[in-house]
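Q:
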Amino acid sequence: MNRRVFTSLLGVAPAAFVKAAQPRQNILFVAIDDLNDWIGCLNGYPGVLTPNLDKVAARGTLFRSAHCAAPLCNPARTAIMTGRRPASTGVYDNNQPYHGSKVLKGAVTLNQHMVDNGYLAFGAGKIYHGTRGAFADMKGWTEYGDPKGAPELPGPLPLAGPVGLANMDWGAVKGGDETMNDYHVVDWVSRHLAAKQTQPMFLACGIYRPHLPWYVPKKYFDLYPLDAIRLPVVKEDDLDDVPETGRRMARQNNDHPRITKNDAWKRAVQAYLASITFADTMVGRLMRALENGPHAGNTSIVLWSDHGWHLGEKLHWRKFTLWERSTRNVLMINARGVSRPGSTCDRTVSMVDLYPTLMDMTGLKAPGTMDGQSLMPLLRNPAAGRTEPALTTFRFGNHAVRTEGWRYIRYNDGGEELYDRTADPNEWTNLAASPAQAARKAELARWLPAHNEPNAPVGRGTGEERENN
Ligand SMILES: [Ca+2]
Ligand SMILES: [Ca+2]
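Heads up: the sequence shown runs through residues 9 to 477, numbered per our numbering.
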């Protein structure tokens, strides 16, 4: 037997063994785009209506301090699906397909790894940064659905009036839920939840709202009357103690002056809330499909959002910063037989931890280097110790280190920020220049990556990935 044949036989054997040795659970993997902590169980906006997300959280473990690897779609999702963070791969921005990264050449994506090990991997909607073309994983699925709705807009764009931009707009669509893309994505995944299978499934459902534009049916806007909207508290001189690189990040789209000048802050908050409750309703439809189908007793759930979102905090909108509003995302895991219903975990965790966590949940071995660490110990015991902080990277060489008590930011040009999360949850007072904090800064800086991989090539795709909002 030559070496090649021998190796390929060895490659097959473990999967066959795993398949025979243990009954395997399905994994329902739910991604929600641009959802920050404004959900009931995370208490980011008291009064938000997210009964379905709260129910998913109550089924298992809610991670209350989960942070993205990057505060924007493409690198955040690349990190989740490959287990490698931006400083390792060079995928920092929305225009760099992961396929172009030298480091990721030959890397096995999460869904591909499931397929390689006997799972049926079904996906629909936005899992990667794009549902087709250069930014998607076109090969690593048993089947991928990209169903579209046809929401009818009530008039010419922008619906929000003069304050609206092509990519930052909001308003009520004419039809109901069934006109929306997300409705059809949930239907597509639900059909797989209704069908019996002889193999375990990895089922990925990518919900697009509350990503811009905030076009959702009127009934969701009606849930949040304008006179009851509460605005985030901001400090007008907040950016004065922020280094120039951070200030540039905050001002890049000039959103805050435009929105406040047009007296549109409350309307924008209302539209984001409406979009969140729409997404929550879609999660509820998905959960009903799971409960009513043949897989209800044998499916674990991993539900996440890709990063946070500012609605004026630190005089900024959208993501694209290294502050808490951008880095904190939603993560809830119901690992059947492991996580206890209603448990919460306050350890600071990273989204690069998901891939190794799923390896532990499925009994598979990671196919290569993983930058994160499995959350399994925290699913078993949410109070278990964890030393490694969460690292978030925004473009080349800019990083935030988040521990339970602190946030330390170091920009590529050496600019620094340090926030005491306990005393200053709004991150208003930059302590980086304080001599009393020198030792703390040095301790936190130890967690900055030793290597920053150069930028991966810019790619061309379908156009979806070009949105930079
Ligand atoms: Ca996103
Ligand atoms: Ca400040």
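Built from N, CA and C at the ideal position, the CB exists for glycine as well.
1. For Thr69, which beta-bridge partners are listed by DSSP?
2. Quick check: does the Cβ of Asp42 come within less than 7 angstroms of any heavy atom belonging to ligand 1?
3. May I ask you to check if the CB of Thr437 is nearer than 7 angstroms to at least one heavy atom of ligand 2?
4. Just checking Asp62 against ligand 1 - is the residue's beta carbon closer than 7 angstroms to any of the ligand's heavy atoms?
5. Rounded to a whole number of angstroms, what is the C-alpha to C-alpha distance between Met188 and Phe229?
6. Following a CB-centred definition, is Asp428 positioned closer than 7 angstroms to any heavy atom of ligand 2?
7. State yes or no: is the C-beta of Val466 nearer than 7 angstroms to some heavy atom of ligand 2?
8. Are the beta-carbon atoms belonging to Ile47 and Leu61 less than 8 angstroms from one another?
9. Roughly how many whole angstroms lie between the Cα atoms of Trp414 and Tyr427?
10. For Arg5, is the classification buried or exposed, using 16 other Cβ atoms within 10 angstroms of its Cβ as the cut-off for buried?
11. Can you tell me whether DSSP reads Ala29 as helix, strand or coil?
12. Considering only C-alpha positions, which residue in the set Leu387, Ser351 and Asp249 is nearest to Ala478?
13. Since Pro162 contacts Gly179 with CB under 8 angstroms, what's their CB separation in whole angstroms?
14. Would DSSP call Asn34 helix, strand or coil?
15. Could you tell me which of Val310, Ala447, Leu456 and Pro397 sits nearest to Ala66, measuring between CA atoms?
16. Out of Pro208, Leu319 and Leu439, state which residue places its alpha-carbon closest to the alpha-carbon of Tyr127.
17. Let me confirm a value: Val64 is counted as buried when at least 16 other C-beta atoms fall within 10 Å, else exposed. Which label applies?
18. With a floor of 4 residues, list each alpha helix (DSSP H) that falls wholly inside the region 372–459, ordered by position along the chain.
19. At what residue ranges does the region 254–310 contain a whole run of the alpha helix (DSSP H), taking only runs of 4 or more?
20. I'd like the span of the beta strand (DSSP E) that includes Leu128, first residue to last.
21. I'd like to check one pair, Ile215 with Val181: are the Cβ atoms closer than 8 angstroms?
22. Would you tell me roughly how many angstroms separate the C-alpha atoms of Asn460 and Gly98, rounded to the nearest one?
23. Pair every Cβ in the region 68–77 with every Cβ in the region 349–359, then say whether three or more of these pairs are closer than 8 angstroms.
24. Would you check if the distance between the CB atom of Val360 and the CB atom of Gly91 is smaller than 8 angstroms?
25. Buried or exposed: Pro302, going by 16 or more other Cβ atoms within 10 Å of its Cβ?
26. Residues in the same chain with beta-carbon distance under 6 angstroms from Ala29, minus the five sequence neighbours each way, listed in chain order, please.
27. Under the criterion of a Cβ to heavy atom distance below 7 angstroms, does Cys81 qualify as lining ligand 1?
28. Can you give me the Cβ contacts of Ala287 inside the same chain, cut-off strictly under 6 angstroms, excluding the 5 residues immediately before and after it?
29. DSSP three-state call for Ile47: helix, strand or coil?
A: Based on what the coordinates show:
1. As a working note, residue 69 is residue 61 in the sequence shown. The partner list for Thr69 (beta bridge, DSSP) reads Ile341 and Ser351.
2. Locating residue 42 in the sequence shown gives position 34, counting from the first residue. Checking every heavy atom of ligand 1 against the Cβ of Asp42, one is found closer than 7 angstroms.
3. Here the question's residue 437 lines up with position 429 in the sequence shown. Yes - ligand 2 has a heavy atom lying nearer than 7 angstroms to the Cβ of Thr437.
4. Position 54 of the sequence shown, counted from the start, is the residue given in the question as residue 62. No; taking the cut-off as 7 angstroms, the Cβ of Asp62 has no heavy atom of ligand 1 nearer than that.
5. Here residue 188 is taken as the residue at index 180 of the sequence shown, counted from 1. Here residue 229 is taken as the residue at index 221 of the sequence shown, counted from 1. Their backbone Cα atoms lie some 15 angstroms apart in a straight line.
6. The sequence position of residue 428 within the sequence shown is 420, counting from 1. No, ligand 2 has no heavy atom inside 7 angstroms of this Cβ.
7. Reading the sequence shown from its first residue, position 458 is the one you call residue 466. For ligand 2, not one heavy atom lies less than 7 angstroms from the Cβ of Val466.
8. Locating residue 47 in the sequence shown gives position 39, where the first residue counts as 1. Locating residue 61 in the sequence shown gives position 53, where the first residue counts as 1. Going by beta carbons, Ile47 and Leu61 fall inside the 8 angstroms limit.
9. Counting from one through the sequence shown, the residue named residue 414 turns up at place 406. Counting from one through the sequence shown, the residue named residue 427 turns up at place 419. Cα atoms of Trp414 and Tyr427: separation of roughly 6 angstroms, rounded to the nearest angstrom.
10. The first residue shown for the chain is 9 and the last is 477, placing residue 5 beyond what the model contains.
11. Here residue 29 is taken as the residue at index 21 of the sequence shown, counted from 1. Per-residue confidence for Ala29 stands at a pLDDT of 46, beneath the threshold of 50, marking its modelled position as unreliable; the derived number appears in the next sentence. The answer is helix: DSSP assigns Ala29 an H, G or I state.
12. For residue 478 there is no data in the structure shown, the boundaries of the chain being 9 and 477.
13. Position 154 of the sequence shown, counted from the first residue, corresponds to residue 162. Position 171 of the sequence shown, counted from the first residue, corresponds to residue 179. Sure, about 7 angstroms apart at Cβ, within 8 angstroms.
14. For the purposes of this step, residue 34 is identified with residue 26 of the sequence shown, where counting begins at 1. Strand at Asn34.
15. Here residue 66 refers to the residue found at position 58 when the sequence shown is read from its first residue. Of the candidates Val310, Ala447, Leu456 and Pro397, the one whose C-alpha sits nearest the C-alpha of Ala66 is Val310.
16. Residue numbering aside, residue 127 sits at position 119 when the sequence shown is read from its first letter. For Tyr127, the closest alpha carbon among the candidates Pro208, Leu319 and Leu439 is that of Pro208.
17. Stepping through the sequence shown from its first residue, residue 64 is reached at position 56. With 16 or more Cβ atoms within 10 Å of its Cβ, Val64 is classed as buried.
18. For the region 372–459, whole alpha helix (DSSP H) runs of length 4 or above, ordered along the chain, are 384–388 and 446–453.
19. Counting only runs of 4 or more, we get 263–269 and 273–300.
20. Locating residue 128 in the sequence shown gives position 120, counting from the first residue. Taken as a continuous stretch (DSSP letters only), the beta strand (DSSP E) holding Leu128 covers Leu128 to Gly133.
21. Along the sequence shown, one-based indexing puts residue 181 at 173. Along the sequence shown, one-based indexing puts residue 215 at 207. For Val181 and Ile215, no; Cβs fall outside 8 angstroms.
22. Residue mapping note: residue 460 aligns to position 452 of the sequence shown, counting from 1. Residue mapping note: residue 98 aligns to position 90 of the sequence shown, counting from 1. Taking the CA atoms as reference points, Asn460 sits about 7 angstroms from Gly98.
23. The region 68–77 vs the region 349–359: in contact.
24. Residue numbering aside, residue 360 sits at position 352 when the sequence shown is read from its first letter. Residue numbering aside, residue 91 sits at position 83 when the sequence shown is read from its first letter. Result yes, Cβ atoms of Val360 and Gly91 sit closer than 8 angstroms.
25. What you label residue 302 is simply residue 294 of the sequence shown in a count that begins at 1. So Pro302 ends up on the exposed side.
26. Along the sequence shown, one-based indexing puts residue 29 at 21. Only weak support exists for where Ala29 lies, its pLDDT of 46 falling under 50; the value from the coordinates is given anyway. The answer is none, since no qualifying residue turns up.
27. Within the sequence shown, numbered from 1, the residue matching residue 81 stands at position 73. In this structure, ligand 1 has a non-hydrogen atom nearer than 7 angstroms to the beta-carbon of Cys81.
28. Within the sequence shown, numbered from 1, the residue matching residue 287 stands at position 279. Annotation for Ala287: Ile40, Ile215, Arg217 and Pro218 place their beta carbon closer than 6 angstroms to its own, counting only its chain and skipping 5 residues before and after.
29. Sequence index remark: in the sequence shown, residue 47 carries index 39 (1-based). Ile47 sits in coil when the DSSP states are folded into three classes, being neither helix nor strand.
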